[in-house]
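FYI, in the numbering used here the residues of the sequence shown are 36 to 236.
Ideal Cβ placement from N, Cα and C applies to all residues, glycine included.
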Amino acid sequence: MFYSLTGTVTLTEPYLAVVDCGGVSYACNTTLTTLAALTRGETATLYTYLHVREDIFDLYGFSTRDELRCFKRLLGISGVGPRAAQTILSANTPERLALAILTGDEKALTTAPGIGKKTAQRIILELKDQLAKEQKEIGGSLPLPENAAGAKGPDKYSEAAAALAVLGYSASEAAAALKGVEIESSSLEDIIREALRHTLK
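See the structure below:
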């Protein structure tokens, strides 16, 4: 229903941002990560998700499309609702969440308030299963570009592509995001971060 909101930030408080759009103020539930990118009195764009259930009509807003993608991915996990997804993304940036899923890092998820070990394990397991199915559907690994040359390049490229898939990117979108990113001499987290920057251009 809503894709994004652009307006003046009139109020920020923990997990909430209010954006005035032409005289209409929208209260957006959000993450601490997004709040850190907002300044009261300045114009901002939030990418939104409307959560509707019986008597619930909550709007969630994020400063980047990647954070919104992660939020939607997390909502697809059994037992993970909007509030839990919100706290997870307050404790982890999209690239760190993707790395946590790939490496099975439960601690990165349990740092979020209210997220226990069992929930973290379920999130990792279900997202890895989704990733495996998607990779099978697209026929395995992505074609290796010139910038992934070298002994460790192919592995890093594949891992970065898998991380982007965790975030909801298709094979072609991941390939486009990774084009021109320095692979050989960069850490996996830096590769993912740079690829995400490319998607914003």
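> How is Gly-174 classed by DSSP in three states: helix, strand or coil?
Replying inline: Low confidence applies to Gly-174: its pLDDT is 43, below 50, so where it sits in the model is not reliable, and the reading given next is rough at best. The answer is coil: DSSP assigns Gly-174 none of H, G, I, E or B.
>> Taking the alpha-carbon of Gly-111 as reference, which of Thr-99, Ile-159, Gly-58, Leu-70 has the nearest alpha-carbon?
In response: Ile-159
> Alpha carbon to alpha carbon, what distance is there between Asn-127 and Ala-71?
Replying inline: 13 Å
> Excluding five sequence neighbours on each side, which residues of the same chain lie with their C-beta closer than 7 Å to the C-beta of Thr-146?
Replying inline: Ala-126
> When DSSP labels each residue in this structure, what does Ala-119 get in the three-state scheme?
Replying inline: helix
> How would you label Glu-130, buried or exposed, when you count the other beta carbons within 10 angstroms and need 16 or more for buried?
Replying inline: buried
>> Quick check: the Cα distance between Cys-56 and Leu-213, rounded to an integer number of angstroms?
In response: 35 Å
>> Distance check for Leu-81 and Leu-51, CA to CA, integer angstroms please.
In response: 12 Å
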